[in-house]
Amino acid sequence: MVSRRPRDRTVFVSEVGSSDVYDQIGSGYARFRQTDARLAAPLFAALGDARTVLDVGSGTGSYEPPDRQTVAVEPSWVMLAQRSPASAPVIRAVAEALPIATRSFDAVMTVLTVHHWSDRPAGFAEFRRVARRRVVLTFDPDVHNRMWFFEYVPEIAQLEISRAASLQEVVDGVEGRSVTTVPVPHDCLDAMTVSHWRRPRAFLDPAVRAGGSGLRQVDPAALERGLARLAQDLDSGRWEERYGDLLARDEFDCGLRLVVGEG
Numbered sequence: 002m003v004s005r006r007p008r009d010r011t012v013f014v015s016e017v018g019s020s021d022v023y024d025q026i027g028s029g030y031a032r033f034r035q036t037d038a039r040l041a042a043p044l045f046a047a048l049g050d051a052r053t054v055l056d057v058g059s060g061t062g063s064y065e066p067p068d069r070q071t072v073a074v075e076p077s078w079v080m081l082a083q084r085s086p087a088s089a090p091v092i093r094a095v096a097e098a099l100p101i102a103t104r105s106f107d108a109v110m111t112v113l114t115v116h117h118w119s120d121r122p123a124g125f126a127e128f129r130r131v132a133r134r135r136v137v138l139t140f141d142p143d144v145h146n147r148m149w150f151f152e153y154v155p156e157i158a159q160l161e162i163s164r165a166a167s168l169q170e171v172v173d174g175v176e177g178r179s180v181t182t183v184p185v186p187h188d189c190l191d192a193m194t195v196s197h198w199r200r201p202r203a204f205l206d207p208a209v210r211a212g213g214s215g216l217r218q219v220d221p222a223a224l225e226r227g228l229a230r231l232a233q234d235l236d237s238g239r240w241e242e243r244y245g246d247l248l249a250r251d252e253f254d255c256g257l258r259l260v261v262g263e264g
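Counting from 2, one number per residue, gives the positions in the sequence shown under the numbering used here.
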């Protein structure tokens with residue numbers, strides 16, 4: 002059954018369950034995971050000449066292309082509630098079972114969602130089915146998990162390893178023709194965990210930590226232990242001794258990769 006909420010642009014597919022991870026961790030997400038134009042630019046460029054775009058796992062809509070006919074897909078009620086009235090029309094559904102006709106969009110895209118899919122082969126098959134062009138911003142876990150913060154809370158890296166797709170899996174899944182590194186600027190507005198690579202004290206702010214899924218899903222005791230060590234190292238100068246070279250950099254490779262497939 003499909004129904005539409007009055008006076009908004011949300012279509013709800015009632016068969017979708019209510020156990021999406023962001024129903025548990027997504028509150029306040031729109032405050033911290035804001036659009037960063039420097040991340041959006043290569044993503045939008047990768048859409049090429051596509052006029053119609055399906056944005057899967059769109060969340061609050063922060064990376065919906067503004068100059069295309071876009072339809073969003075999002076399973077989480079909590080995320081849907083945070084969408085702007087000006088955002089694209091949205092279908093409540095999951096990547097693994099898109100209620101979309103075959104090849105009905107010029108391009109399908111997703112931004113940092115693949116590690117949350119429950120069935121990646123099914124999700125990739127759906128991407129290949131619904132659009133000729135497939136654009137995926139993902140992360141290479143082999144690079145991502147080398148960020149210095151995970152030395153303080155290795156449990157987050159372990160969590161990411163347990164659920165992350167390898168870069169090759171993503172490339173194969175979307176029949177990728179190109180892979181591009183997307184560096185993260187030091188003042189990134191999108192407050193994902195790795196965006197604070199040059200702002201170590203940001204991790205000590207509970208409000209800032211609300212923007213990272215790994216930070217909200219890891220064992221709280223492990224997180225507190227790591228944060229206590231980080232605070233000590235910042236106060237003693239040890240952090241700067243070990244990682245101070247980062248302070249001179251404007252951007253850093255945190256493992257973000259833009260994979261584009263077509264055909």
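Backbone N, C-alpha and C define an ideal beta-carbon position, used for all residues, glycine too.
Alpha-carbon spacing of residue i relative to residue j, whole angstroms
i	j	result
Arg-121	Asp-246	38 Å
Arg-217	Arg-210	7 Å
Val-95	Ser-237	47 Å
Val-131	Phe-253	34 Å
Arg-147	Trp-118	23 Å
Arg-199	Arg-93	36 Å
Gln-70	Gly-58	17 Å
Tyr-153	Leu-81	33 Å
Residue i in three-state terms, based on DSSP
i	result
Met-148	coil
Ala-96	coil
Ser-105	coil
Ser-237	helix
Met-193	coil
Arg-199	coil
Val-112	strand
Arg-84	coil
Closest by C-alpha distance to residue i, when choosing among the options
i	options	result
Ser-163	His-116, Val-261, Val-137	His-116
Pro-86	Pro-184, Ala-249, Ser-63, Arg-129	Ser-63
Pro-155	Ile-92, Phe-45, Ala-223	Ala-223
Ser-105	Leu-55, Met-193, Ala-249, Leu-160	Leu-55
Leu-160	Glu-241, Gly-213, Leu-44	Gly-213
Ala-165	Val-136, Glu-127, Gly-215, Cys-189	Gly-215
Beta bridge counterpart(s) of residue i as assigned by DSSP
i	result
Phe-253	Val-185
Glu-263	Arg-134
Gly-177	Gly-262
Ala-73	Asp-56, Val-91
Arg-129	Beta-bridge pairing links Arg-129 to no other residue.
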